[in-house]
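Data block below; observations after.
Number of protein chains: 2
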Amino acid sequence: MNNKEKLRKAGLRPTKQRMIIADILLDGINRHFTAENLQNEINSSGNSMSIATIYNCLKKFRNCGLIKQVESSKDTAIFDTNINQHHHFLDEETGELIDIENDEVNLHKLPKIPQGYLNNGVEVLIKIKKQI
Amino acid sequence: MNNKEKLRKAGLRPTKQRMIIADILLDGINRHFTAENLQNEINSSGNSMSIATIYNCLKKFRNCGLIKQVESSKDTAIFDTNINQHHHFLDEETGELIDIENDEVNLHKLPKIPQGYLNNGVEVLIKIKKQI
DNA sequence: TTTTTACTTTAAAATCGTTCTAAACTACTT
DNA sequence: AAGTAGTTTAGAACGATTTTAAAGTAAAAA
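Protein chains in written order, with the working numbering: chain A, 21 to 152; chain B, 21 to 152.
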C-alpha cells in the first residue's frame, strides 16, 4: 500500500504537505524524532513547510495511529514511527531513546485494571545511565 | 528525622522557602502534583512564594531524590512524592495517574542493558481508558 | 560577635515549544 | 464549472519554564 492509500485509509486527505511528511516517516524505518527534527528533514529534502502545518500533521498522524507519541518528560514532544507495542531504554542525561521489542520483555504479573477502565497499552521504560 | 535534617542530609540549605515546601511535600503521603498545584497549596497554607523559587526548589528536590518527576508527555511537569520504585496507570484522556506498587508488577524477563550502561530504574506505564 | 562569602529568593523579562487566528488555498463533491 | 469543507500559512498569542540581576539570607571565617 502506498502512502496516498495509507492516508486515505486513515481518513486523511492526501495533501501535498502530508505526502511529503508521509514519505519521510512511513518508510518502514523505526525512528524517534521531534517536530524540529522533522522540519530539518523536510528542508533537506528540498521542501519547506510551516511549523504549524508540521504540528497539525503530527497530531493528525498520531490520532490516526500512523505514528505514536512517546511518554517523556522532556520539554519537546517526541514521536515514534514504531507503532507496535514496544518499550524503551532512556538515557536521562542525553534524552536518547532506544527501542526494546515487545518480546524482549515479559510481564509476569500485572495489577488489576481499575474498575470502569480498559487496558490501553503497556509501556516499559528502563532508565539507564552511562557507566563511569 | 525532621524536614530540616532531611534537607541538610540532601545537601540543601534549609531556607524558609524550602522548609515551607518540605512541610507540604514530605509528609509521607504519596501524591502527584504540578508546580501550579504546589503554589496553590503554599498559598492556602497562608504563605506565598515566587513561582521561580517553586521551580528552583522542585528541581533541587528532584535532583537530590527527595521527589521524583514522572515521565509524561503532558505540557506541565508532574512530580511525585513517592520516591520508591513504582509504576503508574495513566488515563490519557484526563492525564490522571494512579500509583501501582512495585510488587504488583512482576517483570519476568528484561532485555540486556546496552553495553557501557547501568540500569537506573524500571517504570511500567499502563495506559487505561474509560469503558464506554 | 562581626565580617565575609557563597548561596538563595524575587519580580520581571525572556525564552521556547506549541497552538490559535483568519485569510488564502486546495481537494473533493455536486 | 461551481460550491463546500477541509487545509495551509505567517504571524500573533499562549503557557510553562528559565533567566536576569539586584536584594536578601545562611553558613563559614575571622
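Every residue gets a Cβ at the ideal spot worked out from N, C-alpha and C, and that includes glycine.
Below 7 Å between beta carbons: does that hold for residue i and residue j?
i: residue 44 of chain A; j: residue 61 of chain A; result: yes
i: residue 108 of chain A; j: residue 125 of chain A; result: no
i: residue 147 of chain A; j: residue 110 of chain A; result: yes
i: residue 91 of chain A; j: residue 91 of chain B; result: yes
i: residue 50 of chain B; j: residue 104 of chain B; result: no
i: residue 77 of chain B; j: residue 41 of chain B; result: yes
i: residue 140 of chain A; j: residue 133 of chain A; result: no
Residues in its own chain within less than 8 Å of residue i by CB, not counting five upstream and five downstream?
i: residue 113 of chain B; result: 149 and 150
i: residue 54 of chain A; result: 96, 97, 98 and 99
i: residue 68 of chain B; result: 62
i: residue 59 of chain B; result: 69, 71 and 74
i: residue 28 of chain B; result: 34
i: residue 46 of chain A; result: 23, 26, 86 and 101
i: residue 142 of chain B; result: 105, 127 and 130
Which partner residues of residue i appear in the DSSP bridge assignment?
i: residue 137 of chain A; result: B:150
i: residue 143 of chain B; result: A:145
i: residue 107 of chain B; result: B:120
i: residue 89 of chain A; result: A:99
i: residue 129 of chain B; result: A:126
i: residue 53 of chain A; result: A:99
Please work out which residues of its chain come closer than 6 Å, Cβ to Cβ, to residue i, disregarding the five sequence neighbours upstream and downstream, and give them in chain order.
i: residue 100 of chain B; result: 52, 88 and 90
i: residue 81 of chain B; result: 87
i: residue 2 of chain A; result: Absent from the model: residue 2 of chain A. The displayed extent of chain A is 21 to 152, so no value can be given.
i: residue 122 of chain A; result: 105 and 106
i: residue 79 of chain B; result: none
How many whole angstroms separate the CB atoms of residue i and residue j, which I take to be in contact at a CB cut-off of 8 Å?
i: residue 131 of chain A; j: residue 120 of chain B; result: 5 Å
i: residue 57 of chain A; j: residue 39 of chain A; result: Contact doesn't hold; Cβ gap of about 19 Å is too wide.
i: residue 94 of chain A; j: residue 115 of chain A; result: 5 Å
i: residue 128 of chain B; j: residue 32 of chain A; result: The pair is not a contact, with the Cβ atoms about 39 Å apart (cut-off 8 Å).
For residue i, collect the residues of the same chain with a Cβ closer than 7 Å to its Cβ; drop the 5 residues on either side in sequence, then sort them by chain order.
i: residue 30 of chain A; result: 84 and 86
i: residue 136 of chain B; result: none
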